[in-house]
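1186 is the number of the first residue of the sequence shown in the numbering used here; add one for each residue after it.
Below: the structure, in structure tokens.
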Amino acid sequence: LVDSFMKMIGLYPPGTIVELVNGKVALVLAGNQKYQHLPRVIQVLDEEQNVISEKVLNLADIEKGKLDKDNFIKRAHVDGAFGIRMQDYQKKGIQFAAPG
């Protein structure tokens, strides 16, 4: 049952706010079926929680050696953490993949 649920919504559902090991903060754009712990994200804050130019990263590139391991997800946060709201990014035109 848990496996079915995880496959349906993913480990980090789109819109989840995540803090990376390097201290940067990102929003999950889409999951990754092969590497559920490595979704596609958009970085929105630097390691000092300052707003930065948005940068899309495919965290699965860590497994391919194309991205530093300090981009692993350290923890997930609730909507509103760090002053970030998924809705604000949707209004800016950021597309979040539907789960499933």
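Glycine included, each C-beta is placed from N, C-alpha and C at the ideal position.
All values reported here derive from a predicted model rather than from experimental measurement.
Quick check on DSSP: helix, strand or coil for LYS1276?
Residue numbering aside, residue 1276 sits at position 91 when the sequence shown is read from its first letter. In this structure, LYS1276 counts as helix in the three-state DSSP scheme.
Answer yes if the stretch 1262-1277 comes into contact with the stretch 1196-1210, meaning at least three C-beta pairs across the two stretches below 8 Å, and no otherwise.
Short answer: they touch.
Judging by CA-CA distance, which residue of GLU1232, PRO1198, GLU1233 and VAL1236 is the nearest neighbour of PRO1224?
For the purposes of this step, residue 1224 is taken as the residue at position 39 of the sequence shown. Of GLU1232, PRO1198, GLU1233 and VAL1236, the residue nearest in Cα terms is PRO1198.
When the distance is taken between beta carbons, is GLN1221 closer than 9 Å to VAL1241?
In the sequence shown, counting from the first residue as 1, residue 1241 sits at position 56. In the sequence shown, counting from the first residue as 1, residue 1221 sits at position 36. The answer is no: Cβ separation not under 9 Å.
Beta-carbon proximity check, GLU1232 vs LYS1254, cutoff 9 Å
Position 47 of the sequence shown, counted from the start, is the residue given in the question as residue 1232. Position 69 of the sequence shown, counted from the start, is the residue given in the question as residue 1254. No; because the gap between Cβ atoms is not below 9 Å, this pair is not in contact.
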